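Heads up: the structure comes next, in structure tokens.
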Amino acid sequence: MNSVLKLLLEGEALDTAQIGRILGLGADAVERELAELRAQGVLLGMRPVLNPSFEAESRVRAVIEIKLRPEGLGGFDGIAERISAFEQVESCHLMSGGYDLLVVVTADNLYKVAGFVHERLARIEGVQGTSTHFFLRAYKRDGFVVSADGSRRDRPSVSP
Numbered sequence: 002m003n004s005v006l007k008l009l010l011e012g013e014a015l016d017t018a019q020i021g022r023i024l025g026l027g028a029d030a031v032e033r034e035l036a037e038l039r040a041q042g043v044l045l046g047m048r049p050v051l052n053p054s055f056e057a058e059s060r061v062r063a064v065i066e067i068k069l070r071p072e073g074l075g076g077f078d079g080i081a082e083r084i085s086a087f088e089q090v091e092s093c094h095l096m097s098g099g100y101d102l103l104v105v106v107t108a109d110n111l112y113k114v115a116g117f118v119h120e121r122l123a124r125i126e127g128v129q130g131t132s133t134h135f136f137l138r139a140y141k142r143d144g145f146v147v148s149a150d151g152s153r154r155d156r157p158s159v160s161p
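Going by the working numbering, the letters in the sequence shown line up with residues 2 to 161, in that order.
Have a look at this one:
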């Protein structure tokens with residue numbers, strides 16, 4: 002992975018001079034790499050927000066709706082905190098409506114998401130049921146419109 006991109010993903014917001022000092026590069030070199038990442042459509046913003054097609058070949062994202070029976074384990078909060086501790090979990094939200102928690106997970110493939118649901122989530126005391134939905138294609142992410150240029154428009158990004 003590009004060293005500038007890796008630093009942005011793992012670290013805090015830094016200016017180009019700070020990035021340069023950390024990597025042993027001049028600010029101009031960092032600016033050039035950032036410009037190249039933007040031109041390639043890899044870096045969409047400075048939060049950072051990655052184009053989902055950049056990870057589409059190696060990562061799968063899913064939304065899992067979870068219905069709970071919140072007795073014991075600290076109620077909704079206790080179960081949500083336990084679920085949030087799993088490394089696969091990107092976010093976990095208490096919801097109103099037909100289910101109690103909305104969980105976004107990331108894994109290497111569809112089977113690993115399914116295994117996570119079956120082997121981890123479904124076995125937690127208080128979990129009554131789950132419904133898993135896989136992300137197929139992003140049109141807008143974190144406030145940024147995602148361009149499909151250069152990708153196969155005839156297939157969802159999770160297809161081989």
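Using N, Cα and C, we set each Cβ at its ideal position, and we do this for glycine too.
This one's a predicted model, so the numbers in the text were calculated from it and none came from an experiment.
Exposure of residue i, with buried meaning 16 or more beta-carbon neighbours within 10 Å
i: residue 160; result: For residue 160, the predicted structure reports a pLDDT of 45, less than 50, and the residue's modelled location is therefore unreliable. A value from the coordinates is still provided. Exposed, because fewer than 16 other Cβ atoms sit within 10 Å of the Cβ of residue 160.
i: residue 34; result: buried
i: residue 151; result: Because the pLDDT of residue 151 is 49, which lies under 50, any placement of that residue in the model is unreliable, and the number read from its coordinates should be weighed accordingly. Exposed, because fewer than 16 other Cβ atoms sit within 10 Å of the Cβ of residue 151.
i: residue 146; result: exposed
i: residue 38; result: buried
i: residue 75; result: exposed
i: residue 89; result: buried
i: residue 25; result: exposed
i: residue 135; result: exposed
N- and C-terminal bounds of the beta strand (DSSP E) containing residue i
i: residue 108; result: 102-108
i: residue 92; result: 90-95
i: residue 128; result: 128-135
Endpoints, alpha helix (DSSP H) assigned at residue i
i: residue 20; result: 17-24
i: residue 84; result: 76-85
i: residue 66; result: No alpha helix (DSSP H) holds residue 66; the beta strand (DSSP E) holding it covers 61-69.
i: residue 117; result: 111-120
i: residue 31; result: 28-40
Proximity of residue i and residue j at Cβ, strictly below 9 Å
i: residue 123; j: residue 61; result: no
i: residue 64; j: residue 103; result: yes
i: residue 114; j: residue 133; result: yes
i: residue 5; j: residue 20; result: yes
i: residue 117; j: residue 77; result: no
C-beta neighbour in chain B for residue i, strict 9 Å
i: residue 110; result: No chain B is part of this structure, which consists of one protein chain only.
Closer than 8 Å is the cut-off here; do at least three beta carbon pairs connect the region 121-140 with the region 65-73? Touching, yes, given that three or more Cβ pairs across the two stretches are closer than 8 Å.
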